[in-house]
Amino acid sequence: MDSPLNRTLGVTKALANPARIRVLAALEKGECCVCQLTAVLDLAPSTVSAHLAELRRAGFLLDRKDGKIVFYRLSERPDLKTWLKATFTGIQNDEKVAADRAFLERVKAIDVETFCGAGPRWKLLPAFRPAPKRPPSARKPG
């Protein structure tokens, strides 16, 4: 039976993991696909999927499928908005969350099909390659 106590336990269990909090923070500004979240969290896809399943079970996430790509977004459930607000307030100055959000901006600047199509080689996409080093003769003095 889904009692208030059991619902609360499900919510607190879902929030009791730093990776799941990072997922919620990543989704605060809009939906992301599993590939994008995997890159941001720097975790194995199976681990990210397990975290997404836990958050979905607790009611925090909704998903939609577009072809082979699954997108996640925060649910609009009124009973969870208070939990989300408290969570986002608590992490607003967290350096890791800020770094995740900055990295996610770079990830989302790439067409999702291109990004997901690269699979685990997404780091080889031009947007993520380090800038080439200029030879010493090409450097400006100063």
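If you count by our numbering, then the sequence shown holds residues 2 to 143, one letter each, in order. A virtual CB, placed ideally from N, CA and C, is assigned to each residue, including glycine.
Beta-carbon proximity check, residue i vs residue j, cutoff 8 Å
i   : j   : result
L42 : R58 : no
Y73 : L28 : yes
G60 : S50 : no
T88 : L44 : no
Run of the beta strand (DSSP E) containing residue i, from where it starts to where it stops
i   : result
D43 : Segment: none, D43 is in no beta strand (DSSP E) and carries neither H nor E.
I70 : I70 to L75
L63 : L62 to D67
Exposure label - residue i; buried when at least 16 CB within 10 Å
i    : result
R21  : buried
T39  : buried
L125 : exposed
Residues near residue i by beta carbon distance below 8 Å, same chain, minus five either side
i    : result
G31  : R74
R107 : A128 and F129
Cβ-based neighbour list, residue i, same chain, cut-off 7 Å, excluding 5 preceding and 5 following
i   : result
C36 : F116 and C117
R78 : G60
CA nearest to the CA of residue i, picked from the options
i    : options               : result
E114 : I70, G91 and E96      : I70
A110 : W123, D64 and D67     : W123
L63  : S4, P133, C33 and K86 : C33
A15  : D67, W84 and R65      : W84
L81  : S4, D67 and T13       : T13
First through last residue of the alpha helix (DSSP H) which encompasses residue i
i   : result
W84 : P79 to G91
Neighbourhood of residue i by C-beta distance below 6 Å, restricted to the same chain and skipping five residues each side
i    : result
R102 : none
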